[in-house]
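One structure is given here, and the rest of the page talks about it.
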Amino acid sequence: MSRQDKGGRKGPLSRIVRAGVGRKRVQTLVMTLTTMTAVTASVLAGGLLLDSQGPYQRAFDAQHGAHLSADFSGATVDAGQLTATAHATGVTQTAGPYATLTLHPRVAAGNHFMPAGDPLGAMTVVGRPIDGPLDDLRVTVGRWVDGPGEIVLPDGDSPLAVGDKMVVPNAPGHPTLTVVGLAASVTATADGWVAPQEIPALTPSGAVPDRQMLYRFAHAGTRTEVEADHAAIASALPAGAVLSSTSYLDVEVDANRNSATFVPFLVAFGVLGLLMSLLVIGVVVSGAVTAGRRRIGILKSLGFTPSQVVRAYLGQALIPAGVGAVGGVLLGNLLSIPIMGVADKALHSVTLGVPFWLDLVVPLVTLAAVAGAALIPARRAGRLRTIEALAVGRTEQAGRFGRSAHGFASRLPLPRWLTLGLALPFGRPARSVTTVAAVVLGTIGVTFGIGLALSLNQVEQGLSQQMPGSVQVMPFPAPGSSTKPRLVTMADLDAAGRAIAAQPGTAGSAEMSFAHAGVAGKTGQTQIVTYQGDSAWAAMQLVSGRWFTGPGEADVPLAFLTAYGAHVGDTVTLTSGGHGAPVKIVGEVLSLHNELLTDAGSLDPLALPLVPDSRFFSIDLRPGTDPVAYSDSLNHALAPYGLTAMPNPPHINLVVISMDTLATILTLMLVVVAGLGVLNTVLLDTRERVHDLGVLKALGLKPRQTVGMVLASVTLTGLLAGTVGVPLGILLQRTVLPAMAGAAGTEVPGVDLDVFHAPLVAGLLVGGLLLATLGALAPASWAARARTATALRTE
C-alpha cells in the first residue's frame, strides 16, 4: 500500500471508530459507566486520603489556633491581671480575656428532636467575637450571633440543631437562647458562644463570671514545653487563679488518631474498585473483538492494516472511557463536598477539597489502564487472518469444553431450556471466568462493606460504655431548683445511692469516680476510674480476659498496656503519698484512653483524699422506663443532697458516621460495576447466539422460558461468586478492622469482629446470585422480545 493510501485511511479509520462506538450502544454505555464509577471512587477515596494527612495542623494554621486555652476564676483575678500575662516568659500572642459562665440549661419547647425540659448538662459558654486574633471560629451551619438571646454551638458536638431553643433556669428571668449557628473551634475552647453583652443577662444573682485567655508560645512543640509555658503564666497570677486549661496537643492527638483509621479502609475499597473496573473493561473490549470477527475481516479485506485495526479498537475503548472519566471527575468532586465535610468534622479539620492535580492524575491513570486492558484483545484482532475472520461468520463456535458441558447438562433431569442456560457459560470459559471474577470482587465489596458497618457500630456502642447507663447523676443541684450549689459530701452521696435504689424503674446502679495515681517504677500519673456497687452491667467491652469482680483487680485498655509495658495477668502497684496498692490486670477493654478501671476498694491502701465532686452515678433502667420521666422524678428525691439526674444522651461518633456513609457509597459503586460486567457478558452471549435462539423459538421456546434460560446462564456464576466472595470479604473485614483499630491505638473485641452470623452469611451467599441475576435481567428481557423471524435471518 502506498503512502498516499495509508494517509487516506485516517478519515475512514476515524469513521470506523465513531461507527463502532455508536453501533455498540450497550458496550459503549457499560464502558462509560464503568470508567465513570472507577474514576468517581478513586477521586473520592484519593481526596479523603489526602485530606486525612495532617488534618489538625492544617486547621490549626488556617484558624490561628491557640497553643493553650485557660480558664481563670473571675473572683480571684481581674481583666488587667490577665492582660498582663501577655508579657509572661514564652508568650508570643494572646486573645481575651473573655467572660465565661457554666450554665445548666434545659431544652425549651418546640425543638426538633429533644423533649421540652430535658436537661442538657453543664455547658461552658464564652462571650466573644467570631474572629481572633486566636482561634477564629468557623461557622459551618447558620450564622454568627448578632444580638441578645442567641447562641452558637460547636459543630459535631451539639445536642441541638439550628433553630432549637434552650432555657437557662438558674439565670435571672429564666432567659431563652436560640441556636442560630454551629461553629468549629480548632482548640475546643467552649461548649457555646454568645455575644459579650449577653453574659450579664446569663449570670446568676451574686455570681461573678470567670474569664478565658488564649495563648500562643514561642516553643510549644511538646507537652513539656506547653507545661512550662502554663507554669510561667500561673506564676504571674495569684494562687488558685487557674481553674482549668486545654492544650492543643490533646486535640491534635485525637484528630490525627482518627485520621489514621481512614487509610486501611480506603485502600481496601480502592484496590477492589480498581481490579473490578479493569476486569469489566477487559471483558467489554474482548467481547467487542470476539463479536466483531466478521467486521474485522471486512476491514482487512478493504485494506486496513493490523496496526489500524488495533488503533480502531483502542479508539472504541478510549472514547467512551474518556467520557466516563470526565463524568467521574465531576461526580467525585460533587460527592466529596458532603462526605469530606462530615469527615473533617470528625478530624477537627478544614476541607481542602479535591486538589486539581488529583483531578488530572486519576483520569489519566484510568485511561492508561483502559488502554492496557484493551490492548491485548485489540492486538489479537490485528493479528486475526482475513480469510479466517470472513469464513467463521458472525462468531466462532463453542469449543470441545462447551460441547461437553451441553452434553452433560442435557442428561440432567431438568427442563431443556434450563439445561441449555446452565451450559451456556462453558461455551466461552475465558469470558465466564473473567465475569465470575468481577462478581466475586463485587461480592467481596458488599460483604466487606456490610461487615465493616456492623463492626463499627458495635465498636461505637462499646466505646459508649465509658459513660454507661440510661441516666447519669452528677454532683451539682438540679438546674432551676431552689437548692443553692454547694460541695457535695460523702453523706450526700450515700443518701443519693439509697434514693436511687429505692426509685421505681431502677434496674441497677454503680457509683463511679475519677482519681489519679502513679504506677510503681514509672514516671507520671495515670487516670483511675473506680466503680462502687454492682458494676457487671456497666462493664466495658472486653478485648481479652474478664471484668474485675472485686478489690485488687483491674481492667485496662491497650494504651495502658503499651505505656507501662504490662500484659493481662500482670500485677501493677498504684502509688500515692508513699502508699502502694497492688492490683492484678485481669482484662483488656476497648477504650481510646490511658486509664485503669477497678473497684473503689482497690484504692483504700492509698488513702487518697475524698473528692465528692469527682463522683457520679450511672443508672441502668428497667425495660419500658422513660429516662426523662425517671430523671424528673428522681431529681425531687435528690434535691436535698445537691445532685442532679439527667438522661444519658446517645453516643454519636462522627468518624463512624463518615465511614458508614463512605462505605455505603463505595459498596454501591462496586455493585454497579459488577452488575454492568454481567450485563455486558450476558448480552454478548445472547446476541452471539441469536440465530440459535430463533431456532429454539421456532421449536416452541416460550418467552418466559427464554428469560429463564438466560437467567440460568448466570446461576452458576452467581453461586460461585457468593461461595468464593463471601469468605474473602469476611477475611478482608477481619484484616482491615484490626488495622484501623491499631491506628487508633486500641484493639477490636472479638464480639465486634464476629458479626457474620448464619442468617447474614446465607443472605450474602445468595447475594452473589442476586447480583448476577440483576445484571442479566435486561438481556433476558431483550431475548424474550426478539422476533423469531428476525433471529433466524441473523448470521
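For the record, in the sequence shown the residue sitting at position 195 is 195 according to this note's numbering, with numbers rising by one throughout. Using N, Cα and C, we set each Cβ at its ideal position, and we do this for glycine too.
According to the DSSP assignment, Ser235 belongs to the alpha helix (DSSP H) that extends over 223–235. If you look at Leu177, you'll find it in the beta strand (DSSP E) that goes 176–184.
DSSP places Arg416 inside the alpha helix (DSSP H), whose first and last residues are 416–423. With contacts defined by Cβ atoms closer than 9 Å, Gly729 and Gly445 form a contacting pair. Counting only residues of its own chain and dropping the five nearest sequence neighbours on each side, Gln525 has a CB closer than 7 Å to the CB of His516, Ala517, Gly518. Comparing C-alpha distances from Gln81 to each of Ala239, His104, Gly767 shows the shortest one belongs to Ala239. For Leu643 against Gly505, the beta-carbon gap comes to about 17 Å, at or over 8 Å, which does not count as contact. Its chain contains Pro133, Leu134, Arg216 as the residues whose beta carbon lies nearer than 7 Å to that of Gln93, once the 5 sequence neighbours on both sides are disregarded; these appear in chain order. Inclusion of Leu606 and Thr575 in the CB contact set at 9 Å is warranted, their separation being smaller than that value. Below 8 Å, enough C-beta pairs join the segment 104–112 and the segment 163–176 to call them touching: three or more.
The beta-carbon separation of Leu182 and Leu153, rounded to 6 Å, stays under the 8 Å limit for a contact. When DSSP states are grouped into helix, strand and coil, Pro582 belongs to the strand group.
Of Thr686, Gly74, Gly763, the smallest CA-CA separation from Gly421 is found for Thr686. Taken atom to atom, the span from the alpha-carbon of Ala581 to that of Thr573 is near 5 Å. Secondary-structure assignment with DSSP links Pro154 through a beta bridge to Ala183.
In this structure, the alpha-carbon of Ala38 lies about 37 Å from that of Pro650. Boundaries of the alpha helix (DSSP H) around Gln81: 79–84. Taking a cut-off of 8 Å for Cβ pairs, the segment 704–711 and the segment 306–323 do not touch, as fewer than three such pairs fall below it.
Note on Thr723: under 16 other CB atoms within 10 angstroms of its CB, so exposed under the neighbour-count rule.
Spanning the alpha carbons of Val280 and Leu676 requires a straight line of approximately 8 Å. The Cβ atoms of Val543 and Glu595 do not sit closer than 9 Å to each other. Taking all protein chains in view, the Cβ of Arg431 is crowded by 16 or more other Cβ atoms within 10 Å, so the residue is classified as buried. Not a single unbroken stretch of the alpha helix (DSSP H) spanning 4 or more residues falls wholly within the segment 437–482.
Distances from the alpha-carbon of Ala369 to those of Pro429, Leu424, Arg383, Leu275 put Leu275 closest. Secondary structure note for Gly518: its beta strand (DSSP E) is the uninterrupted segment 506–519. Our two residues, Thr35 and Asp626, have alpha carbons roughly 52 Å apart in a direct line. Of the candidates Asp210, Leu249, Val208, Ala236, the residue whose Cα lies closest to the Cα of Val226 is Leu249. In terms of CA proximity to Ala62, Arg138 leads the group Ser633, Arg138, Ala220. DSSP places Ser618 in the uninterrupted beta strand (DSSP E) bounded by 615–621. For Met31, the number of other beta carbons within 10 angstroms of its own is at least 16, and it is reported as buried. By the Cβ test, the segment 406–419 is not in contact with the segment 733–748, since fewer than three Cβ pairs between them sit closer than 8 Å. Nearest neighbour of Val761 by Cα position, chosen from Ser185, Gly451, Val323, turns out to be Gly451.
If you look at Asp135, you'll find it isn't in any alpha helix (DSSP H); DSSP assigns it neither H nor E. For Gly550, there is no enclosing alpha helix (DSSP H), as DSSP marks it with neither H nor E. By alpha-carbon distance to Ser205, the top candidate from Gly173, Leu177, Leu668, Val748 is Gly173.
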